[in-house]
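Report on the structure given below.
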Amino acid sequence: MTARAVPARARPPAGAFGKLVKVEGKLSLRAPLGIVLGILVPVIFLVIFHAMPALNKPARGSTLTLFAEYIPVLICLSLCLIALISLPIPLVNDRQLGVLRRFSATPAPPSWLMASKVLINLAQALLAIVILLAGGAVFFGVHLPPQWAGFLLAALLAIAAMFAIGLLIAAVAPSPQVAGVLGTVLVYPLLFFAGLWVPREDLSPLWAHIGTFTPLNAAVQAMEQAMQGRFPAAEPLLVMAAYAVIFGIAAVRLFRWE
Amino acid sequence: MGTTRNARRPGPEGRPGPEGRPGPGSKSVQGAPGGPIVTVSRLRKVYGPGAGVQDVSFCVNSGEIFGIIGPNGAGKTTTVECVSGMRTPDSGVISVLGLDPRADRAAVRERVGVQLQESALPPLIKVGEVVELFASFYRQPADPAELMEALGLSSKRGTRFARLSGGLKQRLSIALALIGNPQIAILDELTTGLDPQARRDTWALIEHVRDRGVTVILVTHFMDEAERLCDRVMLIDHGTVAALDTPAALARSAGGGSYLRFVPSAPFADEVLTRLGEVTALDHAGQRIQVTGTGDLVAAVIRALEAAGVEARDVQAESATLDDAYVRLVHQELRNPGQGALRS
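Chains as they are written, first to last, in the working numbering: chain A, 1 to 258; chain B, 1001 to 1344.
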């Protein structure tokens, strides 16, 4: 071995992170948890809902059909499954197997592994949103959101809020099984308040009020407003931002690397 | 030789320059041929009661295979994890190629390849992918294709990690420890769980690694492995250094020579043998008698038995091995827990 001049604070070569993201992308295709949960499941819901003619009538007090009002709910279903199942479980699995430990013995920081997984799941979440909007427009005649900037902002805040919750699960779950249970337990109430089973308008005043403080209820409100052509109100946007910040900080503070 | 004394005291002169930047020929980095390349001084890293490392000092010389042996939970893995910078010591000074493994994190990782105990890879990743991925993390990596060829992994390029046999997983693990062209390779429990043939193949690989000029730190709990491969061996017990020397010297110092086991043709008084200068101990195990001693033990015992009219049957003779030294040193510790163990 010859002497080599390596600066003490040397960073891994440029391009190494890109290579890692590429490999993680391939791995996510080999175990397509995110694609099945995040894209296939909402698409199946889309087709089933369309088979119900009642959903093509205008919704109460809205310019949108009931079906169009379900598009934001289905986007939330997708985000929820990606953020709470597809994101944390493989991360906890990597930690349990010692993959994070193995990385910490190379010049690449183990945080790269988390970052690459966030990026892959982010790409899947954005793809799911595009597929649901485009599928709704092309096959079911739902107009694209006229207030597209507000819609994009609402979608990105929803992703940030849900990914922060998913990362907190990854931070505290000691095993992939526990992460799976935590994720699943959260999925149902969050989607309930998003209006997946019962329209939000049918909740009693107390529960409707509680619901406005849940991240996916806020996401659906904001996205619906954008689909009706209005810029989303401040309240749902702030609720989502608060989840992103609080859960994000908690996840970073509590994350265990081994 | 080879006690904790040769671990240099930490001092300002042992620290790298402000940049930690080694120049070519910089002595603190390269080390003189055969000189210390890793120095650990009074390392302490405690987890709970009795777990971890209490007080360990040693140095590893450039070009050697340095073995670390000891019972489970003695602190072997903790020691090498501190050397590789994966853990922060409670106290003590570690210098690796003149660098501090924690402060100079990236620079140390560039030059120290690690094979970890109980660490796996993503089950679905393919051999070729992971070798090339890890190569991209280093500034001057080995050629992935060449390295896979050298380790017999070329035909497994497209195989997923989960489908590799135990032996192939270990080879891949060695490949990943060497992919950065390291000056030091730390190999932790490399052959645990391998069949005898795979173990022997792995030993040949380790010698091959050393022949490439890489200094090897080998953690093992197999004495035959340490005896066969290591230039020097450190025995850790209860978080302290129980002994540090060449395998042969350790065997001599602790075992004190040879064993002779036999079944006597007739009973005889123990004194017939215990009064011999060569005999240090005599034990009965059923009919069988075991004599421990030094010098020309076998000839002396047979002569004495003949003189007493006793014939030795079913004779087995053995020189002391590292195994004996290990058992003795660890036992001594158990008997005198307060006193610490023998230091050579």
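Don't be surprised by glycine CBs; every beta carbon is placed ideally from N, CA and C.
Asked                                                                                                                                                                         : Found
Find the residues of chain B that neighbour THR106 of chain A, judging by a C-beta separation of less than 7 Å, and give them in chain order.                                 : ARG1109, PHE1134 and PHE1137
Where does SER1095 of chain B sit, in a helix, a strand or coil, going by DSSP?                                                                                               : strand
Pop quiz: ARG1171 of chain B and LEU1153 of chain B are said to be a contact at Cβ under 8 Å. What is the actual Cβ separation, rounded to whole angstroms?                   : 6 Å
To be precise: take each residue of the region 85-118 of chain A, compare its Cβ to all Cβ atoms of chain B, and keep it if any distance is under 7 Å. Which residues remain? : ASP94, LEU97, GLY98, VAL99, ARG101, ARG102, SER104, ALA105, THR106, PRO107 and ALA108
Could you say which of B:SER1258, B:GLN1287, B:ALA1249 and B:GLY1277 lies nearest to ALA1266 of chain B if we only look at CA atoms?                                          : B:GLN1287
What number of angstroms, rounded off, separates the C-alpha of ALA68 of chain A from the C-alpha of LEU1151 of chain B?                                                      : 59 Å
With DSSP run on the structure shown, which of helix, strand or coil describes GLU1278 of chain B?                                                                            : coil
Among A:GLY98, A:GLY38 and A:GLY141, whose alpha-carbon lies nearest the alpha-carbon of LEU66 of chain A?                                                                    : A:GLY141
Just how far apart, CA to CA, sit GLU1278 of chain B and ASN93 of chain A?                                                                                                    : 60 Å
So that I know if they touch, is there some Cβ in chain B lying closer than 8 Å to that of ARG30 of chain A?                                                                  : yes
What is the DSSP secondary structure of VAL99 of chain A, counted as helix, strand or coil?                                                                                   : helix
May I ask you to report which of helix, strand or coil DSSP gives PRO189 of chain A?                                                                                          : helix
Is ASP1195 of chain B close to the ligand SAH? I mean its beta-carbon at under 7 Å from any heavy atom of the ligand.                                                         : No copy of the ligand SAH appears in this structure; indeed no ligand is present at all.
Suppose you measure from the CA of SER1095 of chain B to the CA of SER1253 of chain B; what does that come to, to the nearest Å?                                              : 30 Å
Counting Cβ pairs, one atom from each stretch, are 3 or more of them under 8 Å apart for the region 124-139 of chain A and the region 209-226 of chain A?                     : no
Can you give, in chain order, each stretch of the alpha helix (DSSP H) that sits fully within the region 152-176 of chain A and has at least 4 residues?                      : none
What does DSSP give as the partner residues of HIS1284 of chain B in its beta bridges?                                                                                        : B:ILE1289
Answer yes or no: do PRO1122 of chain B and ALA1135 of chain B have a C-beta to C-beta separation smaller than 8 Å?                                                           : no
Please tell me whether SER116 of chain A and LEU20 of chain A are closer than 8 Å, where the distance is taken between their beta carbons.                                    : yes
Does the CB of ALA1106 of chain B have a neighbour CB from chain A at under 8 Å?                                                                                              : yes
Which residues of chain A have a Cβ atom closer than 7 Å to the Cβ of PRO1122 of chain B, listed in chain order?                                                              : LEU27, ASP94 and VAL99
Rounded C-beta distance between LEU64 of chain A and PRO42 of chain A? I'm assuming under 8 Å.                                                                                : Not quite, the Cβ-Cβ distance comes to about 18 Å (not below 8 Å), so this is no contact.
Where does the unbroken alpha helix (DSSP H) through CYS1230 of chain B begin, and where does it stop?                                                                        : That residue, CYS1230 of chain B, is in no alpha helix (DSSP H); it is neither H nor E in DSSP.
In three-state terms, what does DSSP make of SER1253 of chain B?                                                                                                              : helix
At 9 Å on the CB atoms, spell out the chain B contacts of GLY15 of chain A, in chain order.                                                                                   : SER1136
Give a yes or no on whether the minimum CB-CB distance between PRO174 of chain A and chain B is below 8 Å.                                                                    : no
Between the Cα of GLY1293 of chain B and the Cα atoms of B:ARG1105, B:SER1319, B:VAL1216 and B:MET1086, which residue gives the shortest distance?                            : B:SER1319
Given a cut-off of 8 Å on the beta-carbon distance, is the pair GLY1166 of chain B and ALA1198 of chain B in contact?                                                         : yes
Can you find a CB in chain B that lies within less than 8 Å of the CB of LEU20 of chain A?                                                                                    : yes
Cβ of VAL36 of chain A less than 8 Å from any chain B Cβ?                                                                                                                     : no
Assuming GLY150 of chain A and ALA226 of chain A form a contact by the criterion Cβ under 8 Å, report the distance between their Cβ atoms to the nearest whole angstrom.      : 4 Å
Where in the region 1175-1249 of chain B do unbroken runs of the alpha helix (DSSP H), each at least 4 residues long, occur, reported from the N-terminal end onward?         : 1196-1211 and 1223-1229
Should LEU1116 of chain B be flagged as near chain A, meaning a C-beta pair shorter than 8 Å?                                                                                 : yes
How would you call MET1223 of chain B, buried or exposed, if buried means at least 16 neighbouring beta carbons within 10 angstroms?                                          : buried
Looking at chain B, which residues of the region 56-88 of chain A have a Cβ within less than 7 Å of any of its Cβ atoms?                                                      : none
Determine the direct distance from the alpha carbon of VAL73 of chain A to that of GLY248 of chain A, and round the result to whole angstroms.                                : 23 Å
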